[in-house]
Every structure is written in structure tokens, then in C-alpha cells.
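Asker:
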Amino acid sequence: MAQEKTGRIVRNLLDEPHIEGHRVSVRHVHEQVEGRDLAPRTVADRLGPDVADVYRALAYYHDHPEEMHEIEQRRERRIEGSRDRGAVTGPDDL
Numbered sequence: 002m003a004q005e006k007t008g009r010i011v012r013n014l015l016d017e018p019h020i021e022g023h024r025v026s027v028r029h030v031h032e033q034v035e036g037r038d039l040a041p042r043t044v045a046d047r048l049g050p051d052v053a054d055v056y057r058a059l060a061y062y063h064d065h066p067e068e069m070h071e072i073e074q075r076r077e078r079r080i081e082g083s084r085d086r087g088a089v090t091g092p093d094d095l
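In my numbering, the protein residues as written are 2 to 95.
#1: Which whole-angstrom value describes the C-beta separation of ARG28 and GLU17, a residue pair presumed to lie in contact below a C-beta threshold of 8 Å?
#2: With a threshold of 16 other CB atoms inside 10 Å of the CB of PRO50, please say whether the residue is buried or exposed.
#3: Apart from the five residues on each side of it in sequence, which residues of its chain come closer than 6 Å, Cβ to Cβ, to LEU48?
#4: Straight-line CA distance for ASP54 to ALA45?
#5: Roughly how many angstroms lie between the CA atoms of ARG37 and THR43, to the nearest whole one?
#6: Would you kindly check if the distance between the Cβ of HIS31 and the Cβ of LEU59 is under 8 Å?
#7: Taking only the alpha-carbon atoms, compute the straight-line gap between GLU35 and PRO66 and give it to the nearest angstrom.
Shown next as C-alpha cells:
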């Protein structure tokens, strides 16, 4: 598979954009910084990429809103499908 690349954001793993050389998805970076209100430096320190790569991931997220929306919808469908098949997705399922 050819690697699609935008700066240090690539799509050759995880079936979604991620930071090159890391298994950290753009969606996860966005969730940590904008969803959990963590500082980009904190996210970089916890997950391993350079802080500049965290900012690149955030820029990618906002530069590609339709793609990111589709990724989030696909993830939700997979979670719902797992629940429908009786998969354990949290402590309430035990």
C-alpha cells in the first residue's frame, strides 16, 4: 500500500491518519487536546511524539473535517456492531 503523507501525518496504519513513526492517531490527539483539555506538550510527553507533531495532528484534523467526521462515524458503527454481537466494551457488560 502506498503511504499517503501530509507533513508527518500518514495513513499506512490504523486505517486512519496518524503521526509518522508512532501509533498515535490524529483522532486520538484531537480527543486528548480538545476533548480532555490537555496541553499539547502533555500529550506529547505522554504519547511520545514531538510537540510539533501534536500540533500537526491537530492541524490535520481541522484541515480535513469531512474525512475526520467519516472516521468518527466508522468508529461509532464498529463500537455499536461490537455491542450488538455481545462484545465486552466496558464494566457494565460484565
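In this text, a Cβ means the ideal position worked out from N, Cα and C, and glycines have one as well. What you are looking at is a predicted structure, and each value in this text was computed from that prediction instead of being measured.
Answerer: In terms of the structure at hand:
#1: 6 Å
#2: buried
#3: VAL25
#4: 8 Å
#5: Near 11 Å, if we compare the C-alpha coordinates of THR43 and ARG37.
#6: yes
#7: 15 Å
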